[in-house]
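A.B. asks: Handing you this structure, nothing more for now.
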Ligand SMILES: Cc1cc2nc3c(=O)[nH]c(=O)nc-3n(C[C@H](O)[C@H](O)[C@H](O)COP(=O)(O)O)c2cc1C
């Protein structure tokens, strides 16, 4: 299917974009109006765009239903300050409740059962239950249109972070496994980050990877190795050579057993290399592959 966004209604555009651009982190934004009335609402059109200066942006859209603007936007236009509270799994149902369209002036801390904790540099309160909170000054608000569904970029500078000690390791660095983030996808879908679905990908930019184009043809055209496997192999910074000291019993067995059938031997070797790669053993995988690569 190919779709032109201009042919779709605002709701249809939202459907295809929100399912595709996912998962999105959630900014749980605490703001106040000029009378000091507190508002708390979640926004998944949210991300960081600069670390130095530390800039984050979220976007309260014009309501599709009646093209009015959200209370959060009205508040940051009146008082350009916001606390961005990070959402974890333990809070997600209450966060969703806070997204109800309560009347102007209703305090969603009360409606959704969160505890106000005074911020230290700005007026809006923090969410006590959130384990990471960012006190932010609003630098600029950029309207992206005047029709229902149009976003409004609220460009914020983070001036102070509050991080729960339970998220830190012994070097006072954040332990990603402890955060239990949730993120928004399309429709009612959310996802939860935890140890069972976190994985690491080695940074390629310390030294240049040799690139997929530099892989031996038999590896590059393998019917067994996937794009991910090739990406791992091509991320080495020097083309590996056969290591005479490398010895591997399973490889010996394959070579012995399949010596009469080179095609099957290559398939078995690629399968074995794939298993090694899936356990992060790139050096071993290369050595196994070099034993058969043409
Ligand atoms: C997880 C989640 C993410 C949301 N993300 C956005 C968003 O990025 N932009 C938006 O305009 N509304 C978003 N909403 C809907 C707003 O939270 C909702 O309209 C809220 O009532 C706005 O409150 P306010 O008028 O008090 O500011 C989201 C709702 C949920 C539950």
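Residue numbers (my numbering): -4 to 289.
Using N, Cα and C, we set each Cβ at its ideal position, and we do this for glycine too.
Because the structure is a prediction, the values reported are computed rather than measured.
Near residue 126, what residues of its chain come up, given a Cβ to Cβ distance below 8 Å and the 5 sequence neighbours on each side ignored?
C.D. replies: 81, 83, 158, 159, 161, 162, 174
A.B. asks: Could you give the residue range of the alpha helix (DSSP H) that holds residue 72?
C.D. replies: The continuous alpha helix (DSSP H) containing residue 72 extends over residues 66 to 73.
A.B. asks: In chain order, which beta strand (DSSP E) runs of at least 3 residues are fully inside the stretch 148 to 210?
C.D. replies: 177 to 179, 185 to 187
A.B. asks: Restricting to runs no shorter than 3 residues, where is the beta strand (DSSP E) found entirely within the stretch 1 to 74?
C.D. replies: Listed in chain order, they are 22 to 27, 33 to 38, 41 to 46, 49 to 53.
A.B. asks: If I'm right that residue 36 touches residue 65 with Cβ under 8 Å, what's the distance once you round it to whole angstroms?
C.D. replies: 7 Å
A.B. asks: Going by DSSP in three states, residue 82 sits in which element: helix, strand or coil?
C.D. replies: In this structure, residue 82 counts as coil in the three-state DSSP scheme.
A.B. asks: Note the first and the last residue of the continuous beta strand (DSSP E) segment covering residue 129.
C.D. replies: 127 to 138
A.B. asks: Express the C-alpha separation of residue 77 and residue 189 in angstroms, rounding to a whole number.
C.D. replies: 28 Å
A.B. asks: Run through DSSP, which three-state label would residue 277 get?
C.D. replies: helix
A.B. asks: Do residue 36 and ligand 1 come close, with the Cβ less than 7 Å from some heavy atom?
C.D. replies: yes
A.B. asks: If you measure from the beta carbon of residue 180 to each beta carbon in chain D, is any gap under 8 Å?
C.D. replies: The structure shown contains no chain D; it holds only a single protein chain.
A.B. asks: Is residue 105 near ligand 1, judged by its Cβ being under 7 Å from some heavy atom?
C.D. replies: no
A.B. asks: For the alpha helix (DSSP H) that contains residue 107, what are its first and last residues?
C.D. replies: 103 to 107
A.B. asks: Go ahead and pull the three-state DSSP assignment for residue 231.
C.D. replies: Coil.
A.B. asks: Leaving out five residues on either side along the sequence, give the residues of the same chain with a beta carbon under 8 Å from the beta carbon of residue 9.
C.D. replies: 59, 144
A.B. asks: What does DSSP give as the partner residue(s) for residue 77 in the beta ladder?
C.D. replies: DSSP output for residue 77 lists 131 as bridge partner(s).
A.B. asks: Between residue 251 and residue 267, what straight-line distance do the alpha-carbon atoms span, to the nearest angstrom?
C.D. replies: 15 Å
A.B. asks: Report the option in 227, 258, 229, 265 whose CA atom is closest to the CA atom of residue 245.
C.D. replies: Nearest of 227, 258, 229, 265 to residue 245, Cα basis: 265.
A.B. asks: Under the criterion of a Cβ to heavy atom distance below 7 Å, does residue 66 qualify as lining ligand 2?
C.D. replies: Ligands displayed in this structure: ligand 1; ligand 2 is not among them.
A.B. asks: Below 6 Å CB to CB, which residues in the same chain sit around residue 52 once its five sequence neighbours on both sides are set aside?
C.D. replies: Correct list, in chain order: 44, 148, 150.
A.B. asks: Determine the burial state of residue 263: buried for a count of at least 16 other Cβ atoms within 10 Å of its Cβ, exposed for fewer.
C.D. replies: Label assigned to residue 263: buried.
A.B. asks: What is the DSSP secondary structure of residue 260, reduced to helix, strand or coil?
C.D. replies: helix
A.B. asks: Using a 10 Å radius around the Cβ and a threshold of 16 neighbouring Cβ atoms, would you call residue 95 buried or exposed?
C.D. replies: If you draw a 10 Å sphere on the C-beta of residue 95, you find fewer than 16 other C-beta atoms in it, and that means exposed.
A.B. asks: Going by C-alpha to C-alpha distance, which of 111, 204, 223, 176 sits closest to residue 193?
C.D. replies: Here the closest residue by C-alpha is 176.
A.B. asks: List the endpoints of the continuous alpha helix (DSSP H) containing residue 214.
C.D. replies: 212 to 215
A.B. asks: With a threshold of 6 Å on Cβ separation, who are the neighbours of residue 41 within its own chain once the five nearest residues in sequence on each side are excluded?
C.D. replies: 20, 22, 53
A.B. asks: Considering Cα atoms alone, identify which of 101, 224, 142 is closest to residue 270.
C.D. replies: 224
A.B. asks: Return the residue from the list 259, 240, 34, 201 that minimises the CA-CA distance to residue 105.
C.D. replies: If you compare the alpha carbons of 259, 240, 34, 201 with that of residue 105, the shortest gap goes to 34.
A.B. asks: What is the C-beta distance between residue 119 and residue 112, in whole angstroms, given that I count them as a contact (C-beta under 8 Å)?
C.D. replies: No, residue 119 and residue 112 are not in contact; Cβ-Cβ is about 11 Å, not under 8 Å.
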